[in-house]
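Here numbering that gives the first Met the number 0 is used: the first residue of the sequence shown is 0, the next is one more, and so on.
Take a look at the structure below.
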Amino acid sequence: MASQSSPQSVHDFTVKDARGNDVDLSIYKGKVLLIVNVASQCGANGINFTELTQLYEKYKNQGFEISAFPCTQLGFQEPGSSEEIVELARTRFKAEYPIFDKVEVNGNNAAPIYKFLKSSEGGLFWVNIKYNFSKFLVDKDGKVVERHAPTTSPLNIESFKAGISRPLLGSVRLNHSMASQSSPQCVHDFTVKDARGNDVDLSIYKGKVLLIVNVASQCGLTDSNYTELTQLYEKYKNQGFEILAFPCNQFGSQEPGNSEEIVEFACTRFKAEYPIFDKVEVNGNNAAPIYKFLKSSKGGLFGDNIKWNFSKFLVDKDGKVVERHAPTTSPLNIEKDVKKLLGIA
């Protein structure tokens with residue numbers, strides 16, 4: 000896979016370009032790289048290719064490079080030949096950055112570069128690539144420093160411009176003066192508003208496993224997430240499991256309704272029986288205190304900010320945040336972790 004048996008950085012790999020020629024990635028030493036698995040027929044291709052071009056144009060003369068790897072494993076959305084893929088990216092999206100040969104990103108036949116990327120930054124995303132346009136940010140030394148979900152837009156990854164070896168991964172920690180006490184220690188220390196504006200003391204959930212989710216009614220992820228949230232809840236609601244849903248309109252203005260409309264939508268269309276709280280903001284100065292706490296407890300590879308609708312925080316019986324999952328992680332993929340926290344074999 001590279002010039003050595005145990006590669007230490009991205010620069011140790013050789014890959015194939017779209018014409019099948021070898022490309023030694025050591026040519027990118029001293030550059031910041033954004034490595035992306037792309038697909039021409041994916042619903043996310045328009046926004047991603049457009050913003051990748053914008054990002055590249057902005058920083059290409061300042062030591063920044065994008066490496067695009069076509070892949071058809073995820074929904075068979077990259078069926079074309081290398082020539083067709085490059086043609087689409089160049090003509091439709093004005094892509095000037097390198098587009099390499101088609102690769103597999105998961106499984107036994109995954110390209111060595113992708114095995115390395117995933118082993119370097121797996122963690123909260125698990126190891127496997129979940130969908131097209133997953134993004135790895137690599138520093139000037141070839142070290143993988145961030146992994147971003149497919150739903151994270153390229154323009155939201157501009158932290159590299161600070162010119163430091165490692166981008167800011169949530170280095171600014173939020174202060175915790177946010178609840179009924181000056182320094183809350185767990186989720187149970189907070190009081191939130193329900194959909195009718197009444198106070199709810201989250202200490203009522205002591206002894207329960209919680210899945211906290213920021214929801215939206217008009218998101219492309221709405222159907223799959225609400226459907227699986229209901230399935231997960233029905234399965235474990237009598238065994239000490241609870242879902243707390245917080246509507247949020249910050250991402251694409253995809254939760255524009257009032258609280259009554261939001262609850263009606265979730266309960267009638269998706270049979271949601273779990274609590275749906277008052278609409279909140281999850282990022283920025285006006286972020287709800289509970290979300291400031293959640294983010295400061297589990298930032299890491301995501302940075303602190305919530306990137307999109309249906310980000311998920313898993314909380315144990317003591318109110319401690321133990322896992323954070325990307326919007327693209329389906330609720331049923333968290334089932335084994337729920338069972339573990341519930342103590343179910």
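Beta carbons: idealized from backbone N, C-alpha and C, even for Gly.
{"Item": "8 Å Cβ shell around I333 - same chain, five flanking residues per side excluded", "Value": "L210, L231, K311, L313, E322 and H324"}
{"Item": "First and last residue of the uninterrupted alpha helix (DSSP H) at P288", "Value": "P288 to S296"}
{"Item": "V143 classed as buried or exposed, judged by whether at least 16 other C-beta atoms fall within 10 angstroms", "Value": "buried"}
{"Item": "Assigned exposure category for F75 - 16 Cβ within 10 Å defines buried", "Value": "exposed"}
{"Item": "S66 in three-state terms, based on DSSP", "Value": "strand"}
{"Item": "Local Cβ density within 10 Å of A178, reported as buried at 16 or more and exposed below that", "Value": "With a pLDDT of 35 at A178, under the threshold of 50, the modelled position of this residue cannot be trusted; read the value that follows with caution. A178 is buried by the Cβ-count criterion."}
{"Item": "Start and end residues, beta strand (DSSP E) containing F245", "Value": "F240 to P246"}
{"Item": "Contacting residues, own chain, Cβ-Cβ under 8 Å from E82 (five flanking each side not counted)", "Value": "A17"}
{"Item": "Proximity winner among S133, Y113, P246 and N213, relative to A43 (alpha-carbon distances)", "Value": "S133"}
{"Item": "Rounded C-alpha distance that separates S295 from N213", "Value": "16 Å"}
{"Item": "Residues of its chain near L220, where Cβ-Cβ distance is below 7 Å and the 5 sequence neighbours each way are ignored", "Value": "N308, F309 and P326"}
{"Item": "Where N224 sits in the DSSP three-state scheme", "Value": "helix"}
{"Item": "Stretch-stretch touch, CB-based, cutoff 8 Å, three pairs: the stretch 80-99 with the stretch 43-62", "Value": "yes"}
{"Item": "8 Å Cβ cutoff met for K30 and F63", "Value": "yes"}
{"Item": "Residue burial classification, P6 (beta-carbon count within 10 angstroms, cutoff 16)", "Value": "buried"}
{"Item": "C-beta atoms of C41 and N105 nearer than 8 Å", "Value": "no"}
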